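> Line by line, the protein sequences are chains W and D.
Using full-length UniProt numbering, read the first sequence as starting at 1 and increasing by one per residue.
Using full-length UniProt numbering, read the second sequence as starting at 1 and increasing by one per residue.
Take this structure, written in structure tokens, and hold onto it; I'll ask about it next.
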Amino acid sequence: MTRPAAATRMERALAALAVDPGGLKGIVLRARMSPVRHAFETALKHMPDTPRRIHPGISDLQLFGGLNIAASLAEGRPVRDKGLSETPGLLVLTMAERTGADLAARLSQILDADTGHALVLLDEGATAEEAPPLSLQDRLAFHIEPEDEALRTQALRLPARADLDTARKGLARIAVPEDAMGLLVALAARFGIDSLRAPLLALRTARALTALDREKSVGEAALMEAVELVYPSRATRFPAEAEDPAMDPPPDTPQPPDDATDEGSGKGAGELPDEILVQAIAALLPPDLLDRLKVARAAQARAASSGAGSKRRGNRRGRPLPSRPGRPSQQARIDPVATLRSAAPWQRLRRTPQNAHRPVIIYPSDIRLRRFEDRSDRLLIFTVDASGSSAVARLAEAKGAVELMLAQAYARRDHVALIAFRGDGAELLLSPTRSLVQAKRQLSSLPGGGGTPLAAGLVAASELAQHARGRGMSPTLVLLTDGRANIPLSGTPDRAEARQDAETIAAGLARQGVPGVLVDTANRPAESARSIAARLGADYLALPRADAHKISASVTAALEH
Amino acid sequence: MTLAFPFSAIVGQDTMKQALILTAIDPGLGGVLVFGDRGTGKSTAVRALAALLPPIEVVEGCPVNAARPEDCPDWAEVRSKKIVKRPTPVVDLPLGVTEDRVTGALDIERALTQGEKSFEPGLLARANRGYLYIDEVNLLEDHIVDLLLDVAQSGVNAVEREGLSIRHAARFVLVGSGNPEEGELRPQLLDRFGLSVEVMSPTDIDERIEVIRRRDAFETDTDRFMTKWKRQDGKIRKAILTARDRLRDTESSDAILKDCAALSLALGTDGLRGELTLLRAARALAAYEGAPTITRDHLSKVAPLALAHRLRRDPLDEAGSVTRVSRMVADVLG
Numbered sequence: 001m002t003r004p005a006a007a008t009r010m011e012r013a014l015a016a017l018a019v020d021p022g023g024l025k026g027i028v029l030r031a032r033m034s035p036v037r038h039a040f041e042t043a044l045k046h047m048p049d050t051p052r053r054i055h056p057g058i059s060d061l062q063l064f065g066g067l068n069i070a071a072s073l074a075e076g077r078p079v080r081d082k083g084l085s086e087t088p089g090l091l092v093l094t095m096a097e098r099t100g101a102d103l104a105a106r107l108s109q110i111l112d113a114d115t116g117h118a119l120v121l122l123d124e125g126a127t128a129e130e131a132p133p134l135s136l137q138d139r140l141a142f143h144i145e146p147e148d149e150a151l152r153t154q155a156l157r158l159p160a161r162a163d164l165d166t167a168r169k170g171l172a173r174i175a176v177p178e179d180a181m182g183l184l185v186a187l188a189a190r191f192g193i194d195s196l197r198a199p200l201l202a203l204r205t206a207r208a209l210t211a212l213d214r215e216k217s218v219g220e221a222a223l224m225e226a227v228e229l230v231y232p233s234r235a236t237r238f239p240a241e242a243e244d245p246a247m248d249p250p251p252d253t254p255q256p257p258d259d260a261t262d263e264g265s266g267k268g269a270g271e272l273p274d275e276i277l278v279q280a281i282a283a284l285l286p287p288d289l290l291d292r293l294k295v296a297r298a299a300q301a302r303a304a305s306s307g308a309g310s311k312r313r314g315n316r317r318g319r320p321l322p323s324r325p326g327r328p329s330q331q332a333r334i335d336p337v338a339t340l341r342s343a344a345p346w347q348r349l350r351r352t353p354q355n356a357h358r359p360v361i362i363y364p365s366d367i368r369l370r371r372f373e374d375r376s377d378r379l380l381i382f383t384v385d386a387s388g389s390s391a392v393a394r395l396a397e398a399k400g401a402v403e404l405m406l407a408q409a410y411a412r413r414d415h416v417a418l419i420a421f422r423g424d425g426a427e428l429l430l431s432p433t434r435s436l437v438q439a440k441r442q443l444s445s446l447p448g449g450g451g452t453p454l455a456a457g458l459v460a461a462s463e464l465a466q467h468a469r470g471r472g473m474s475p476t477l478v479l480l481t482d483g484r485a486n487i488p489l490s491g492t493p494d495r496a497e498a499r500q501d502a503e504t505i506a507a508g509l510a511r512q513g514v515p516g517v518l519v520d521t522a523n524r525p526a527e528s529a530r531s532i533a534a535r536l537g538a539d540y541l542a543l544p545r546a547d548a549h550k551i552s553a554s555v556t557a558a559l560e561h
Numbered sequence: 001m002t003l004a005f006p007f008s009a010i011v012g013q014d015t016m017k018q019a020l021i022l023t024a025i026d027p028g029l030g031g032v033l034v035f036g037d038r039g040t041g042k043s044t045a046v047r048a049l050a051a052l053l054p055p056i057e058v059v060e061g062c063p064v065n066a067a068r069p070e071d072c073p074d075w076a077e078v079r080s081k082k083i084v085k086r087p088t089p090v091v092d093l094p095l096g097v098t099e100d101r102v103t104g105a106l107d108i109e110r111a112l113t114q115g116e117k118s119f120e121p122g123l124l125a126r127a128n129r130g131y132l133y134i135d136e137v138n139l140l141e142d143h144i145v146d147l148l149l150d151v152a153q154s155g156v157n158a159v160e161r162e163g164l165s166i167r168h169a170a171r172f173v174l175v176g177s178g179n180p181e182e183g184e185l186r187p188q189l190l191d192r193f194g195l196s197v198e199v200m201s202p203t204d205i206d207e208r209i210e211v212i213r214r215r216d217a218f219e220t221d222t223d224r225f226m227t228k229w230k231r232q233d234g235k236i237r238k239a240i241l242t243a244r245d246r247l248r249d250t251e252s253s254d255a256i257l258k259d260c261a262a263l264s265l266a267l268g269t270d271g272l273r274g275e276l277t278l279l280r281a282a283r284a285l286a287a288y289e290g291a292p293t294i295t296r297d298h299l300s301k302v303a304p305l306a307l308a309h310r311l312r313r314d315p316l317d318e319a320g321s322v323t324r325v326s327r328m329v330a331d332v333l334g
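Spelled out as structure tokens, the structure:
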């Protein structure tokens with residue numbers, strides 16, 4: 001029976017990592033609990049370094065080591081815990097999709113120190129938006145996303161320990177032919193891979209594989225395998241479709257190597273990437289690459305927005321709350337006064353001949369932690385009606401108003417998100433972000449026309465609001481519409497049903513407690529929008545003929561009071 | 001700690017390297033902000049620069065790297081008078097760091113186990129006379145950034161908490177890096193970094209190949225690679241040291257001062273900070289190049305570094321501010 005190629009790839013990636021963990025830095029496995037993941041984890045157990053499991057909530061103390069307060073108090077002398085970063089090895093991060101920017105930065109720091117650490121991210125993200133931070137993924141050589149049904153029953157086999165050791169020893173002596181690097185770089189350019197980490201990691205992979213195969217010099221086969229392992233997850237375009245503007249590198253990057261592609265293929269035969277190689281990677285690219293790219297960017301923006309101070313229950317700043325007993329960590333500060341106060345009544349009872357010399361006797365249970373209440377960040381959810389009725393009349397003005405509000409949001413450090421609804425549905429154009437350039441770009445390319453699926457727009461807003469709450473932000477809705485809903489949730493035009501749906505969902509949003517403003521964009525203010533605003537419990541602004549500046553000013557006023 | 005990549009072996013990225021060298025010549029410039037894509041060698045460059053600089057002389061065991069025994073703060077209780085050499089410190093400030101860890105705080109260990117009130121120095125103490133490197137500065141919590149910039153400006157870290165009242169010298173070059181895709185920095189904060197640089201991946205295939213080649217050589221045959229680049233690094237080090245000595249004697253004519261003002265006015269930058277930084281950066285560059293006076297050429301070379309991030313920018317403006325500065329430099333300086 002032939003083994004599925006995907007299983008072999010996983011085995012080779014793991015074997016390469018076993019040979020050069022410090023250089024290849026690790027693997028992302030994106031799979032929910034399944035036989036494949038089970039097989040993967042079983043294979044991990046056979047890696048030379050014993051895997052140590054960590055989780056997204058890991059404390060700095062566990063990672064970097066530090067004073068163990070409880071033990072120190074018990075023994076009356078400082079007791080230090082060793083952190084995971086001090087002993088190199090394989091770290092396995094479970095539920096990696098929950099990793100915050102903080103932890104990603106710390107893990108990156110550990111990986112960048114080149115002390116021989118490798119990281120396995122077990123990513124259980126259900127939707128494409130749930131994914132580990134890109135800054136972390138970029139550092140790890142391999143990204144595996146097993147989909148192949150045939151993998152279900154496969155066990156993954158690693159080479160014998162002795163073979164791995166031999167390969168490890170041979171690694172330093174592997175020769176790299178002159179044109180290998182050119183090939184790797186040119187290939188990366190053709191797939192729109194910008195980060196220079198990719199070709200570097202591919203080269204190291206090729207070395208590791210060559211060492212495993214007991215060859216002396218990196219050959220074509222090893223290069224090809226390495227490229228197939230490292231590049232597909234990083235590709236941002238299909239090589240054949242390089243001209244498509246939609247596939248340009250992500251926004252904000254000032255136009256990197258688009259022309260490099262053409263240059264590369266136009267040069268002499270020595271630098272021309274092997275067509276076969278290109279095809280081999282192209283075959284491994286996911287068919288929905290483009291859709292994924294959009295989501296990945298959105299997820300990136302969202303991950304970023306959760307980076308700065310969005311936790312609701314802060315413990316470092318804000319309004320002080322009474323101290324609570326608990327275990328100190330990097331995140332939680334001890335309240336010394338409260339700690340001493342709780343220890344004070346027991347001093348006489350605790351005094352024994354052994355500890356007579358100690359001025360104060362404090363038990364771990366006395367420790368009180370400081371708590372603060374943090375004001376959470378605001379998320380402005382702009383929900384824009386881009387339907388035909390609105391578009392003709394006021395879409396341009398609505399866009400202008402949103403742009404002005406975006407500028408104010410920027411000044412106040414609010415997060416913004418943009419939803420547009422038209423035709424038969426709503427679309428999240430921009431996940432919560434602080435990147436204004438992205439917001440503006442999305443907005444200016446927003447076309448108008450079609451029906452008014454107000455209900456769908458509100459559903460999208462409501463989902464986003466809920467999600468934002470979960471992340472500790474306070475959502476606020478800014479709805480720009482004329483209120484003339486004509487597409488219900490079912491999708492078939494029916495004015496009465498559409499209205500009913502919209503009002504039901506509006507009431508739901510009001511129950512969620514999402515504050516908001518409705519800007520009526522109709523030419524003549526109509527009852528329809530007013531009643532939606534009433535259901536939403538939102539302020540209603542009828543602006544029969546206003547320019548963008550006036551709209552923006554009134555909205556600001558309405559939001560502020 | 002592993003060896004740092006040689007500074008001179010970094011391929012391309014000349015603007016970033018220049019900005020870093022300028023701050024090494026004149027640490028008073030107020031730091032560098034490096035914004036750019038992933039995998040462009042931002043942190044490599046910072047570490048490389050620090051490794052290139054000559055070791056500093058410090059009192060043995062002093063937590064704030066004091067140069068003379070009398071500069072050691074009282075709370076540190078340093079008894080040694082011995083002077084030792086130490087590499088220029090580069091302190092990494094991780095995302096999500098607490099204020100305690102940055103400024104230092106009551107030493108809980110001693111307070112609770114021995115009942116003594118003493119100060120446990122933080123990252124700012126360790127960074128004194130060196131570099132403080134903040135990766136992803138745009139994701140750092142605002143209050144930490146505020147605190148850092150404040151200390152960087154005053155050169156003194158003052159801690160008033162938990163019954164402690166401590167101050168110690170904290171002079172360091174602040175280097176921030178980040179990816180603008182993931183969020184922006186408040187304009188008020190942008191303005192407080194002395195210089196700013198935008199880096200991007202090299203687009204030239206040959207240059208990219210060279211990056212890979214050198215990195216690979218560094219990783220697989222470290223000793224040979226280091227020897228090979230040692231001389232080049234030595235040259236830069238010498239040039240920086242000479243420039244430091246020359247800095248004071250490098251003259252700025254009234255015409256140059258006028259040019260600085262004219263440029264800042266034309267670009268509408270806020271406050272005088274931009275103007276001052278422009279002049280200081282130009283002076284550092286002149287000293288580096290061995291010129292006795294600052295010329296317009298120096299000004300126009302450093303103008304994008306010193307001014308691009310200070311433009312009163314429309315947050316929705318997409319035109320690159322570096323381009324705007326360059327255009328204005330051409331207009332004003334002719």
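Note that beta-carbon positions come from the ideal geometry of N, C-alpha and C, so glycine has one too.
Fair warning: this is a prediction, and the values are worked out from it, not measured in the lab.
1. Can you grab the Cα-Cα spacing for the pair Val518(W) / Phe35(D), in whole Å?
2. Whole-angstrom Cβ separation of Val97(D) and Ile144(D), contact assumed at under 8 Å?
3. Okay, do the segment 480-487 of chain W and the segment 359-371 of chain W touch, 3+ Cβ pairs below 8 Å being the bar?
4. Within 10 angstroms of the Cβ of Gly155(D), are there 16 or more other Cβ atoms? Answer buried if so, exposed if not.
5. Note the first and the last residue of the continuous beta strand (DSSP E) segment covering Thr481(W).
6. Measure from the alpha carbon of Arg208(D) to the alpha carbon of each residue in Thr205(W), Ala222(W), Asp213(W) and Ile193(W), then state which is nearest.
7. Taking a contact to mean a Cβ-Cβ separation below 8 Å, would you say Ile505(W) touches Leu429(W) in this structure?
8. Examine chain D for any beta-carbon lying closer than 8 Å to the beta-carbon of Gln109(W), and answer yes or no.
9. Would you say Ser201(D) faces chain W, with C-beta separation under 8 Å as the test?
10. For chain W, is any of its Cβ atoms less than 8 Å away from the one on Leu139(D)?
11. Pick out whichever of Ala217(D), Pro292(D), Leu185(D) and Ala306(D) has its Cα sitting closest to the Cα of Leu267(D).
12. What is the rounded straight-line gap between the Cα of Gly104(D) and the Cα of Glu77(D)?
13. Report yes or no: is there a C-beta of chain D within less than 8 Å of the C-beta of Met405(W)?
14. Does Pro336(W) come within less than 8 Å of chain D when only Cβ atoms are used?
15. Could you list the residues in the segment 185-202 of chain W with a C-beta less than 7 Å from some C-beta on chain D, going in chain order?
16. Count the other CB atoms, across all protein chains shown, that sit within 10 Å of the CB of Gln137(W); report buried if there are 16 or more and exposed otherwise.
17. In this structure, how does DSSP classify His309(D) when only helix, strand and coil are distinguished?
18. Can you give the beta carbon distance from Lys25(W) to Ala96(W), rounded, assuming they're within the 8 Å contact cut?
19. Give every residue of the same chain whose Cβ lies closer than 8 Å to the Cβ of Pro54(D), excluding the five residues on either side of it in the sequence, and list them in chain order.
20. Are there 16 or more other CB atoms within 10 angstroms of the CB of Pro121(D), so buried, or fewer, so exposed?
21. When you compare only the Cα positions, how much space is there between Asn138(D) and Ser195(W)?
22. Could you tell me whether any Cβ in chain D is nearer than 8 Å to the Cβ of Gly309(W)?
23. Confirm, please, whether the CB-CB distance from Leu443(W) to Thr383(W) is below 8 Å.
24. Per DSSP, what kind of secondary structure is Lys81(D) in: helix, strand or coil?
25. Checking the sheet assignment: what are the DSSP bridge partners for Asn157(D)?
26. Quick one: grab the DSSP three-state call for Pro493(W).
27. Got a sec, what are the start and stop residues for the alpha helix (DSSP H) His467(W) sits in?
28. What would DSSP say about Val325(D), mapped onto helix, strand or coil?
29. What number of angstroms, rounded off, separates the C-alpha of Ile83(D) from the C-alpha of Asp249(D)?
30. Would you check if the distance between the CB atom of Glu225(W) and the CB atom of Leu200(W) is smaller than 8 Å?
31. Only counting the same chain, and skipping five residues up and downstream in sequence, which positions put a Cβ closer than 6 Å to that of Gly12(D)?
32. My output table needs one value for Leu196(W): the three-state DSSP class, helix, strand or coil.
33. To which residues does DSSP link Leu369(W) through a beta bridge?
34. Looking only at its own chain, which residues have a Cβ that is under 8 Å from the Cβ of Gly66(W), when we skip the five neighbours before and after it?
35. What is the rounded straight-line gap between the Cα of Ala465(W) and the Cα of Pro35(W)?
36. Using DSSP bridges, identify the partner residues of Leu132(D).
To lay it out plainly:
1. Inspection of the sequence shows that residue 518(W) is occupied by Leu rather than by Val. For Leu518(W) and Phe35(D), the distance between alpha carbons rounds to 38 Å.
2. 6 Å
3. The segment 480-487 of chain W vs the segment 359-371 of chain W: no contact.
4. exposed
5. Going by DSSP, Thr481(W) is part of the beta strand (DSSP E) stretching over Ser474 to Thr481.
6. Ile193(W)
7. Not a contact, by the Cβ cut-off of 8 Å.
8. yes
9. yes
10. yes
11. Ala306(D)
12. 16 Å
13. No, its Cβ sits nowhere closer than 8 Å to a Cβ of chain D.
14. yes
15. Val185, Ala186, Ala189, Asp194, Ser195, Leu196, Arg197, Pro199 and Leu200
16. buried
17. helix
18. Between Ala96(W) and Lys25(W) the Cβ distance is about 14 Å, and since that is not below 8 Å, they are no contact.
19. Thr88, Arg237 and Leu241
20. buried
21. 20 Å
22. The pLDDT assigned to Gly309(W) is 32, lower than 50, so where the model puts this residue is not dependable, and the model offers no usable value.
23. no
24. coil
25. His168(D)
26. Reduced to three states, the DSSP call for Pro493(W) is coil.
27. Leu454 to Gly470
28. helix
29. Roughly 30 Å separates the two Cα atoms.
30. When the beta-carbon positions are compared, Glu225(W) and Leu200(W) stay at least 8 Å from each other.
31. Pro202 and Glu207
32. coil
33. For Leu369(W), which the question treats as bridged, DSSP gives the partners Arg324(W) and Ile334(W).
34. For Gly66(W), where only same-chain residues beyond five positions count, the Cβ hits under 8 Å are Asp60, Arg80, Asp81, Gly83 and Gln330.
35. 35 Å
36. According to DSSP, Leu132(D) bridges with Val91(D) and Leu174(D).
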